[in-house]
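> Line by line, the protein sequences are chains A and B. Note that the working numbering has the first sequence beginning at 1099, numbered continuously upward. Note that the working numbering has the second sequence beginning at 12, numbered continuously upward. Note that the Cβ used here is the ideal one computed from N, Cα and C, for glycine as well. In this text the structure is predicted, and so the values were computed from the model without any measurement.
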Amino acid sequence: MIYRETGRFITNYLSDRQIFPLRFDKFAISVILLGMLLWFPTLSEYWLSAHIIPILAVGLATLGLNILTGLTGQLSLGTAGFMCVGAFATYNLMLRMPDWIMSLPFAIIISGVFAGILGVIFGLPSIRIKGFYLLVSTLAAQYFVWWFFNTYTYFLNYTPSGVVAIPPRFYDYFGLGELLGVNMADYPARFVLAFIICVAMTYFAKNLLRSNTGRNFMSVRDRDIAAGVIGIPVVKTKMLAFFISCFYCGVAGALYCFCYIGNVDLMIFEVDRSFTILFMLIIGGLGSISGSWLGAIFVYEFPIVFTAAGDYLFGGAFDTAIVENVSNMIYGIFIIALLIREPGGFAALWANTKQKLRMWPYPH
Amino acid sequence: MGFDWVYLIEVLVGGLMSGVMYSLVAIGFVLIYKSSGIFNFAQGTMLLFASLTLVKMTENNVDFWTALAVAMGIMVVFGILTERFVIRPLANQDLLALFMATVGLATFQEGFSQFMWDSDIHGLQLSKFLNLSLLEPVPIFVADHIAWLDILLPKFDIFASIVAGTMIVVLAFFFQKTRTGLSLRAVSDDHMAAMAVGIPLQKVWAIVWAVTGVIALVAGLLWAERISVSFTLIEAVMKALPVILIGGLTSIPGAIVGGLVIGVGEKLGEIYLAEHLGGQGVELWFAYFIALMFLVFRPAGMFGEKNIERV
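Here it is as structure tokens:
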């Protein structure tokens, strides 16, 4: 066996608190991440633009929703709205700030702050409103943001169509591209940006989960009154959860527009997207970091793989509408089956598999 | 010219009528939530499925009343199957998992109904089948002696309100007077206790889902008359969400009152607020803001069960 969990001798508290206690894990994860960073940019534009970058963007949004819904237990259907704020804020920062101040990575982070502040505003009702009733607040955010950007075209530089292409100069990074001799507006460079942001934010989320703040989140989720009784500042914790979650969503929205599709488009931030992201979260598993990514990969790839398989098997004998409908049906059945079999989602499936492998070949 | 009062009253009445339409969808939600605590997202696709089934049958020259009966039968069977294969295996799971299961059900139904029939937009003329000239506006004289106070109101809206009213009365009767209704109320109070006194939980749930299917059919037909049978029917759900949340998830009268509040508020917002906010479409989010305002003061809706929280 290559993978062993033995031989781990804890001698001080610091080593007990490590994020990856096994040397093998540490090694494997760094190799995989480094491999992705070096290998993926060499892939064809199709793989980058149609699979890898969009998964990075929606996966980050799922992670953001996970912090709010999975960790803190506040149900949200406003994800796409907060993503929208992130994307539009980034666009406007890049457009309206002088070039020597603003560069894309900074703009993305700052726009995350904007989304976070909006999240706190719409999160305020969560002090009083709980459970499914909270949907109304996040849906209000979703529809309001959409309407706002649709009505005030100033934020789209007065483009009437609601879609604006991102000018290449936004990818300038203070002339870094010229220095390295690569076009920073190309997909490989965009991938590197998205990948670094995603890895950093996933690492942060993983640490958040293990920190005092993360434990506060979880105690508020499990029972907020009890959490209040033992001295956890419930309101502050909820607001913090809204801020961090919406920060993630805002950054994800910016990545979606600036790294994936290359234009800022209002249509992609409709309420359907909020549902898709909630789907990804539930299928992946609430409260699990790796689950968010697995769920995002699965939900994003399922229709693509299904359509491709249908085309391959039947050679385009069926109408695309039929394929889409059948895909929907199978998808629906699959979700129900997964929830029945394993309500914890992929994260729980993974944990079970790991446990079984650990026991193998003796089942007890 | 001063403030146009007649116009205001017309807007109010129009709002009330569209509120009735929201209530129709909301009732289905409330029934399921009340009896099983499930937030049923598939309500919209049930609307679509039911009305599409009926429309396709009438288009193939099936008599309207036969088609209605068959569609009702299909919805009942569908409800029972849903209970058997989706709800029963997930009993006692996390509510969020159940919610997601209904979203999965909605996805399935969306694909299924469009796969079985088609995804075209169908017109549905209830008026043709019912021999009513529904769509002509009729003047309603609010006060006979004031000549200028006549308000135009489509007959169809009156018809919709009558249907909704009848449905409420029937449901109220069903809940209060029949034995099944009694067990439904028991189940909605406490699952465990209901099971302990020997109420067949699964049978009750099957009944609820079947009844909801029939309500979806009625609501679907009325909505279809307004916006034709197509994919957009699913969005009726999003309209019904603030309605049930205002009314309280567990209250049927709440669904009605909530519908009226939202209907009126939305129209007022669109007409008197939109111009100050720089554009159309205030309707889109205004309903949610109204709901939010209500909920901040009454976190369980107007008629919802007050949640007594203990540690």
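1) Runs of 4 residues minimum, wholly inside the segment 1399-1458 of chain A: which ones carry the alpha helix (DSSP H) assignment?
2) Is it the case that the Cβ atoms of B:A78 and B:M68 are separated by a distance below 8 angstroms?
3) Which runs of the alpha helix (DSSP H) at least 4 residues long sit entirely within the segment 244-312 of chain B? Give them in chain order.
4) May I ask you to report which of helix, strand or coil DSSP gives A:D1363?
5) Which class does A:V1261 belong to by DSSP, given the choice of helix, strand or coil?
6) Comparing C-alpha positions only, which one of A:Y1398, A:L1376 and A:A1263 sits nearest to A:N1190?
7) Return the residue from the list A:P1119, A:L1166, A:A1283 and A:Y1111 that minimises the CA-CA distance to A:L1376.
8) Does the beta carbon of A:L1447 come closer than 8 angstroms to any beta carbon on chain B?
9) Please determine if the segment 80-99 of chain B and the segment 57-72 of chain B are in contact, where contact requires at least 3 C-beta pairs separated by less than 8 angstroms.
10) Need the endpoints of the alpha helix (DSSP H) that A:R1313 sits in, please.
11) Using the beta-carbon count (16 or more within 10 Å), is A:K1454 buried or exposed?
12) Just to make sure I have the definition right: I need the residues of chain A whose C-beta is within less than 9 angstroms of the C-beta of B:W325. Which are they?
13) Would you call the segment 216-228 of chain B in contact with the segment 35-54 of chain B, where contact means no fewer than 3 C-beta pairs closer than 8 angstroms?
14) Using only the alpha-carbon positions, how far apart do A:G1329 and A:D1322 sit?
15) Rounded to whole angstroms, what is the Cα-Cα separation between A:I1366 and A:D1409?
16) Compute the Euclidean distance between the alpha carbons of A:C1182 and B:G231, then round it to the nearest angstrom.
17) Suppose the cutoff is 6 angstroms on Cβ atoms and the five residues either side in sequence are ignored; what does the same chain contact list for B:G269 look like?
18) Under 7 angstroms between beta-carbons, which chain B residues line up against A:A1238? List them in chain order, please.
19) The segment 1406-1431 of chain A: which residues have C-beta closer than 9 angstroms to a C-beta of chain B, in chain order?
20) Let me know the secondary structure DSSP gives B:D155 once reduced to three states.
21) Provide the residue span of the alpha helix (DSSP H) that contains A:S1343, from first to last.
22) Of the residues A:I1151, A:N1164 and A:I1130, which one's Cα is nearest the Cα of A:G1382?
23) Where does A:D1114 sit, in a helix, a strand or coil, going by DSSP?
24) Can you give the beta carbon distance from A:L1468 to A:E1103, rounded, assuming they're within the 8 angstroms contact cut?
25) Once you ignore the five residues that flank A:P1152 on each side, which residues in its own chain have a CB closer than 8 angstroms to its CB?
26) Can you give the Cα-Cα distance for B:N71 and B:V114, rounded to whole angstroms?
27) Roughly how many angstroms lie between the CA atoms of B:V181 and B:G90, to the nearest whole one?
28) Anyone know if the C-beta pair for B:V215 and B:L195 falls short of 8 angstroms?
29) How big is the Cα-Cα spacing for B:F110 and B:T56?
30) Residues of chain B with CB under 9 angstroms from A:I1433, in chain order?
31) Take the Cβ of A:W1137 as the centre, count every other Cβ of all protein chains shown within 10 Å, and call the residue buried at 16 or more, exposed below.
32) Tell me the residue span of the alpha helix (DSSP H) that contains A:W1244.
33) Would you check if the distance between the CB atom of A:L1237 and the CB atom of A:F1247 is smaller than 8 angstroms?
34) Find the residues of chain A that neighbour B:G270, judging by a C-beta separation of less than 8 angstroms, and give them in chain order.
35) Under three-state DSSP, which class holds B:V208?
According to the structure shown:
1) 1418-1439 and 1443-1457
2) Position 67 of the second sequence, counted from the first residue, corresponds to residue 78 of chain B. Position 57 of the second sequence, counted from the first residue, corresponds to residue 68 of chain B. Yes, these two residues count as a Cβ contact at 8 angstroms.
3) 247-258, 263-279 and 293-308
4) As a first step, residue 1363 of chain A must be located in the first sequence, where it is residue number 265. If DSSP states are grouped into helix, strand and coil, A:D1363 belongs with the strands.
5) Indexing the first sequence from 1 puts residue 1261 of chain A at position 163. In the structure shown, A:V1261 sits in a strand (DSSP, three-state: E or B).
6) Counted from its first residue, the first sequence places residue 1190 of chain A at position 92. Measuring from the Cα of A:N1190, the nearest candidate turns out to be A:A1263.
7) Residue mapping note: residue 1376 of chain A aligns to position 278 of the first sequence, counting from 1. Closest option to A:L1376, Cα to Cα, is A:L1166.
8) The residue you call residue 1447 of chain A lines up with position 349 of the first sequence. No, its Cβ sits nowhere closer than 8 angstroms to a Cβ of chain B.
9) yes
10) For the purposes of this step, residue 1313 of chain A is taken as the residue at position 215 of the first sequence. Per DSSP, A:R1313 belongs to the alpha helix (DSSP H) from N1310 to D1320.
11) Indexing the first sequence from 1 puts residue 1454 of chain A at position 356. Under this definition A:K1454 is an exposed residue.
12) Here chain B covers residues 12 to 322 and nothing more, so residue 325 of chain B does not appear.
13) yes
14) Taking the first residue of the first sequence as position 1, residue 1329 of chain A is located at position 231. Taking the first residue of the first sequence as position 1, residue 1322 of chain A is located at position 224. When rounded, the distance between both Cα atoms is 11 angstroms.
15) Residue 1366 of chain A sits at position 268 when you count from the first residue of the first sequence. Residue 1409 of chain A sits at position 311 when you count from the first residue of the first sequence. Using only the alpha carbons, I get a separation of about 26 angstroms.
16) The sequence position of residue 1182 of chain A within the first sequence is 84, counting from 1. The sequence position of residue 231 of chain B within the second sequence is 220, counting from 1. C-alpha separation (whole angstroms): 32 angstroms.
17) Indexing the second sequence from 1 puts residue 269 of chain B at position 258. Excluding residues within five positions, the ones whose Cβ falls inside 6 angstroms are V254, I257 and G258.
18) Taking the first residue of the first sequence as position 1, residue 1238 of chain A is located at position 140. Correct list: W296, Y299, F300 and L303.
19) A1419, I1420, E1422, N1423, V1424, S1425, N1426, M1427, I1428, Y1429, G1430 and I1431
20) Taking the second sequence and counting its residues from 1, one reaches residue 155 of chain B at position 144. In this predicted model, B:D155 has a pLDDT of only 43, less than 50, meaning its place in the structure is not dependable; the value taken from the coordinates is given anyway. Residue state, collapsed to three classes: coil.
21) Here the question's residue 1343 of chain A lines up with position 245 in the first sequence. Segment V1332 to L1353, the alpha helix (DSSP H) holding A:S1343.
22) Position 284 of the first sequence, counted from the start, is the residue given in the question as residue 1382 of chain A. For the residues A:I1151, A:N1164 and A:I1130, the minimum Cα distance to A:G1382 belongs to A:N1164.
23) As a working note, residue 1114 of chain A is residue 16 in the first sequence. Helix at A:D1114.
24) There is simply no residue 1468 of chain A to check, as chain A begins at 1099 and stops at 1462 in what is shown.
25) Here residue 1152 of chain A refers to the residue found at position 54 of the first sequence. Same-chain partners within the cutoff: Y1354, Y1358 and Y1398.
26) Residue numbering aside, residue 71 of chain B sits at position 60 when the second sequence is read from its first letter. Residue numbering aside, residue 114 of chain B sits at position 103 when the second sequence is read from its first letter. Cα to Cα, the separation comes out at about 31 angstroms.
27) The residue given as residue 181 of chain B occupies position 170 in the second sequence. The residue given as residue 90 of chain B occupies position 79 in the second sequence. Using only the alpha carbons, I get a separation of about 19 angstroms.
28) Here residue 215 of chain B refers to the residue found at position 204 when the second sequence is read from its first residue. Here residue 195 of chain B refers to the residue found at position 184 when the second sequence is read from its first residue. Yes, the pair counts as a contact, with Cβ atoms nearer than the cut-off.
29) As a position in the second sequence, residue 110 of chain B is number 99, starting the count at 1. As a position in the second sequence, residue 56 of chain B is number 45, starting the count at 1. Approximately 15 angstroms, taken between the alpha carbons.
30) For the purposes of this step, residue 1433 of chain A is taken as residue 335 along the first sequence, with counting starting at 1. Chain B residues near A:I1433: M111, A112, V114, G115, L116, T118 and F119.
31) Walking along the first sequence from the start, residue 1137 of chain A turns up at place 39. Exposed.
32) Numbered from its first residue, the first sequence carries residue 1244 of chain A at position 146. That run of the alpha helix (DSSP H) goes L1233 to T1249.
33) As a working note, residue 1237 of chain A is residue 139 in the first sequence. As a working note, residue 1247 of chain A is residue 149 in the first sequence. It is not a contact, given that the beta carbons lie outside the stated cut-off.
34) Counting from one through the second sequence, the residue named residue 270 of chain B turns up at place 259. Within chain A, no residue comes near B:G270; the closest Cβ sits about 15 angstroms away, beyond 8 angstroms.
35) To locate residue 208 of chain B, count along the second sequence from 1; it is residue 197. Looking at B:V208 - three-state DSSP - the assignment turns out to be coil, as it is neither helix nor strand.
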